[in-house]
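Read top to bottom, the protein sequences are chains A and B. Counting with the working numbering, you get residues 720 to 1005 for the letters of the first sequence. Counting with the working numbering, you get residues 108 to 473 for the letters of the second sequence. Where is the CB? At the ideal position from N, CA and C, for every residue including glycine.
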Amino acid sequence: MTDRSKLGFYLLLMPLMLWLITLIILPHIGLFMVSISEKIGVREYETGLGNYAVFFNEPLYWRTFARTAFMSIFTTILTLVLGFPVAYYIAKLTRGRTKTTLFLMCLIPFWVSELVRTFGWMILLRETGVLSNFLQYTGVIGGPVEFLYNDGAIMVGLVYTSILFMIVPLVTTLDSLDDSLIEAGYDLGGSGYSIMREIVIPHATPGIVSGCIVVFMLSLGNYLTPILLGGKDSLWFTGLIYTQFITRFNWELGSAFGFLLLALSSTIVFLGLKLSRQSLTETMGR
Amino acid sequence: MTTPADLVCKDLTKDFDNFRAVDQVSFEVPQGSFFSILGPSGCGKTTLLRMIAGFQFPTSGDLLIKGKSMIDVGPSKRPVSMVFQHLALFPMMNIGKNVGFGLRQRGVPAAEIKTRVGRVLERVGLPGIEDRQVDQLSGGQKQRVAIARCMVLEPDVLLLDEPLGALDLKLREHMKIELKSLQAEFNTTFVYITHDQSEALVMSDNIAVMNKGRFDQIGTAKELYYEPANAFVAGFVGDANKFSGKVTGIDGQHVTITTNGGATLSAHAMNSAPTIGADAQIFVRPEAIALSKVAPPDSEKASAHIVDSVLFNGANSMVLLRDPQSGETLQVTLPQSGDLLGLGKGDTVFARWDPAQARCFATEGA
Chain A
720 MTDRSKLGFY
730 LLLMPLMLWL
740 ITLIILPHIG
750 LFMVSISEKI
760 GVREYETGLG
770 NYAVFFNEPL
780 YWRTFARTAF
790 MSIFTTILTL
800 VLGFPVAYYI
810 AKLTRGRTKT
820 TLFLMCLIPF
830 WVSELVRTFG
840 WMILLRETGV
850 LSNFLQYTGV
860 IGGPVEFLYN
870 DGAIMVGLVY
880 TSILFMIVPL
890 VTTLDSLDDS
900 LIEAGYDLGG
910 SGYSIMREIV
920 IPHATPGIVS
930 GCIVVFMLSL
940 GNYLTPILLG
950 GKDSLWFTGL
960 IYTQFITRFN
970 WELGSAFGFL
980 LLALSSTIVF
990 LGLKLSRQSL
1000 TETMGR
Chain B
108 MTTPADLVCK
118 DLTKDFDNFR
128 AVDQVSFEVP
138 QGSFFSILGP
148 SGCGKTTLLR
158 MIAGFQFPTS
168 GDLLIKGKSM
178 IDVGPSKRPV
188 SMVFQHLALF
198 PMMNIGKNVG
208 FGLRQRGVPA
218 AEIKTRVGRV
228 LERVGLPGIE
238 DRQVDQLSGG
248 QKQRVAIARC
258 MVLEPDVLLL
268 DEPLGALDLK
278 LREHMKIELK
288 SLQAEFNTTF
298 VYITHDQSEA
308 LVMSDNIAVM
318 NKGRFDQIGT
328 AKELYYEPAN
338 AFVAGFVGDA
348 NKFSGKVTGI
358 DGQHVTITTN
368 GGATLSAHAM
378 NSAPTIGADA
388 QIFVRPEAIA
398 LSKVAPPDSE
408 KASAHIVDSV
418 LFNGANSMVL
428 LRDPQSGETL
438 QVTLPQSGDL
448 LGLGKGDTVF
458 ARWDPAQARC
468 FATEGA
């Protein structure tokens, strides 16, 4: 490389590096430094792992942590189960205008902010909401029922928020599956089930895995949806972090929580990749 | 013949929204023969093949395999297998799994699958490649694996959808011979569709020429080449020089036409004899034309032409001639021997042909 082209290379790399360093690497270093400093008096700090010890000694904290992890995994599975048929239909059973229209229809809800969408769910699910009124009107239930502020409502909200991020990679991978492979499967005597299991799903695995990673991380790190739809009992780990930073002014513990969440998501994604025998480059680098 | 033909189509028709893709096609394919359907792209041959395979359902007509109607039978239940245009080998499985796929669907025990897969791979000349991946094979090997994957199921009819189209020329020539010998080896009925006339001519026992959803002619390669049923077949199968003009003389089946450029040519009329004054076309094969540097004794039958260009291609060399009066061009096989060897641009040669080897058809739609 000549000096000139080297300069061009670094100039083009600049925005990415600026973004990575100023918005991701530096804050995390700062956060880590804060998380390992223990407050021993007014403006007196000591380096140590005391904040992490607080987490493991307080059952509410690590139970919330585990609950957030399990519910995020369950959300991911539910999103996959709901998203796969939709993606298959868009990618394989429609073409041309219909395909574009359907794809756009998946995208349209994302034109409004997440806050507004979540309020939409609140209008539907609250005690005086659409669903409750409808069920009373048809006589299924006697009096008003509160559908909000429970785990089911959180789950609905999370699936709804993240399903697009499952559908898009799935449509892309399923689109790249040659129809003649499916036809060949039928021609050789395969049933719909065996073709799905032996041909379609193995082909779609990179899309499934990358969709799952994105959905899982979005759910795990979501704050708005669990708080609004789950109410004060939602016990979502991001809620705990918020409380430490904003309500309790305990930045040290909040930072430790933040790092624990990062470790959790990395571990689960790593395990997921190992289980599905995929590599990160294979699923994300396509 | 007492045994029913392997594949019988009766007035098979397929209508799409606004056009008819396959129009009342009827044919029979006897057991163990190699049947080709030859036609230009868009003539409906793929639709026809997909109907036989069961991926599309005919609008009307009947389809019988070994005497049994297949109209209500799904693709996975038909005793036919198909080699797809791009082979459609499953990239997510190794070769052994690919070939064993159909047997696994039928619930054959694993040990038997293993021996049968091994045996069929041996028969296509690729023993012991079960553990390789699809992308580790060459084009010709993939071809043979695709055939093995179908043949392991012992189908009554094997359908092939232009499987040689994606190969390079050299390999294609080689695979033509190989396919023919594989067909003889398995003694299975092959139905092969192609737009490449040389593939059809070389490999087939019988060829159907398809045009605009109809079969124009069914016959052996020789019949199609020497006795074409109509102008389309004459023009599509093999190379031919085509002249259009008006009929000026009829003597039995011997027709004389005057071309638009003013040249007078004669040929043999095949079926419907044209009338005087009608538009007609004459087809002459490049190899049916004899060339000589000096005017032959009965010179009224030979006409002088000027060499436009020599297309050297070894034994398949051609020469393009131009009639100085009418301006019409003529493509002639150039023998690489004798005094014609040194033929060059601008030379004058005398061309003549036996009218019995030229074919005359009334122009369609005139």
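9 Å Cβ cut-off: residues of chain A touching residue i
{"i": "R256/B", "result": "A903 and L907"}
{"i": "F164/B", "result": "In chain order: nothing, as chain A lies at least about 14 Å away."}
Partner residues on chain B for residue i, Cβ-Cβ distance less than 7 Å
{"i": "S913/A", "result": "Q212"}
Residue i: contacting residues in chain B (beta-carbon distance under 8 Å)
{"i": "S910/A", "result": "S183 and Q212"}
{"i": "I918/A", "result": "F197 and M199"}
beta-carbon residue i near the ligand ZN non-hydrogen atom, thresh 7 Å
{"i": "F162/B", "result": "Among the components of this structure there are no ligands whatsoever, and the ligand ZN is therefore not found."}
Cβ distance (whole Å) where residue i is taken to contact residue j below 8 Å
{"i": "V316/B", "j": "V362/B", "result": "Contact flag wrong, Cβ pair sits at about 23 Å."}
{"i": "F208/B", "j": "F197/B", "result": "7 Å"}
{"i": "L896/A", "j": "G930/A", "result": "Contact doesn't hold; Cβ gap of about 15 Å is too wide."}
{"i": "V878/A", "j": "L797/A", "result": "5 Å"}
{"i": "L233/B", "j": "Q248/B", "result": "6 Å"}
{"i": "E269/B", "j": "T301/B", "result": "5 Å"}
{"i": "Q240/B", "j": "N201/B", "result": "6 Å"}
{"i": "D118/B", "j": "G151/B", "result": "About 14 Å; that fails the 8 Å criterion."}
{"i": "D454/B", "j": "V414/B", "result": "5 Å"}
{"i": "D323/B", "j": "S351/B", "result": "About 19 Å separates the two Cβ atoms, so there is no contact after all."}
{"i": "T795/A", "j": "T880/A", "result": "Actually they do not touch by this definition, with Cβ atoms about 12 Å apart."}
{"i": "L170/B", "j": "C116/B", "result": "6 Å"}
{"i": "M790/A", "j": "L948/A", "result": "Incorrect: roughly 12 Å between the Cβ atoms, too far for contact."}
Interface partners of residue i on chain A, CB under 8 Å
{"i": "L260/B", "result": "L907 and G908"}
{"i": "S188/B", "result": "D906 and L907"}
Residue i, enclosing beta strand (DSSP E) - first and last residue
{"i": "Y868/A", "result": "Taken as a continuous stretch (DSSP letters only), Y868/A belongs to no beta strand (DSSP E), as it is neither H nor E."}
{"i": "E763/A", "result": "E763 to T766"}
{"i": "N348/B", "result": "N348 to D358"}
{"i": "G342/B", "result": "Counting along the chain, G342/B falls outside any beta strand (DSSP E), though it belongs to the alpha helix (DSSP H) covering A338 to F343."}
{"i": "D475/B", "result": "Chain B is shown only over 108 to 473; residue 475/B falls outside these bounds and no answer can be derived."}
{"i": "W781/A", "result": "Premise fails: W781/A lies in the alpha helix (DSSP H), P778 to Y807, not in any beta strand (DSSP E)."}
{"i": "T741/A", "result": "Neither: T741/A is in no beta strand (DSSP E) and is coded neither H nor E."}
{"i": "V414/B", "result": "S410 to L418"}
{"i": "D268/B", "result": "V264 to D268"}
{"i": "W460/B", "result": "T455 to W460"}
{"i": "L145/B", "result": "F141 to L145"}
{"i": "A397/B", "result": "I396 to S399"}
Chain A contact residues for residue i, given Cβ-Cβ distances below 7 Å
{"i": "A160/B", "result": "D906"}
{"i": "G209/B", "result": "L907 and G908"}
Limits of the alpha helix (DSSP H) - the one that residue i falls within
{"i": "K173/B", "result": "Here K173/B belongs to no alpha helix (DSSP H), and DSSP marks it neither H nor E."}
{"i": "S754/A", "result": "L745 to S754"}
{"i": "G207/B", "result": "I202 to Q212"}
{"i": "F853/A", "result": "V849 to T857"}
{"i": "Q250/B", "result": "G246 to M258"}
{"i": "T820/A", "result": "R816 to L826"}
{"i": "V835/A", "result": "E833 to L844"}
{"i": "I159/B", "result": "K152 to A160"}
{"i": "T222/B", "result": "A217 to R230"}
{"i": "E330/B", "result": "A328 to Y333"}
Item to check | Within 8 Å of chain B by C-beta, residues of the segment 885-905 of chain A in sequence order | outcome: Closer than 8 Å at the C-beta level to chain B, one finds these residues of the segment 885-905 of chain A: D897, S899, L900, E902, A903, G904 and Y905.
Next on the checklist: Threshold first: 4 residues or longer. Then list the alpha helix (DSSP H) segments lying entirely within the segment 892-951 of chain A, N to C.
Outcome noted: 898-906, 911-914, 920-939 and 943-949
Next on the checklist: By the 9 Å beta-carbon criterion, what residues does the segment 922-956 of chain A contribute toward chain B?
Outcome noted: H922 and T924
Checklist entry - When Cβ atoms are compared, which residues of the segment 192-203 of chain B fall closer than 9 Å to chain A? => result Q192, H193, L194, A195, L196, F197, P198, M199 and M200
Checklist entry - Which whole runs of the beta strand (DSSP E) in the segment 284-314 of chain B are 3 residues long or more, in chain order? => result 296-301
Item to check | Whole alpha helix (DSSP H) elements within the segment 946-996 of chain A, 4-residue minimum | outcome: 956-961 and 970-994
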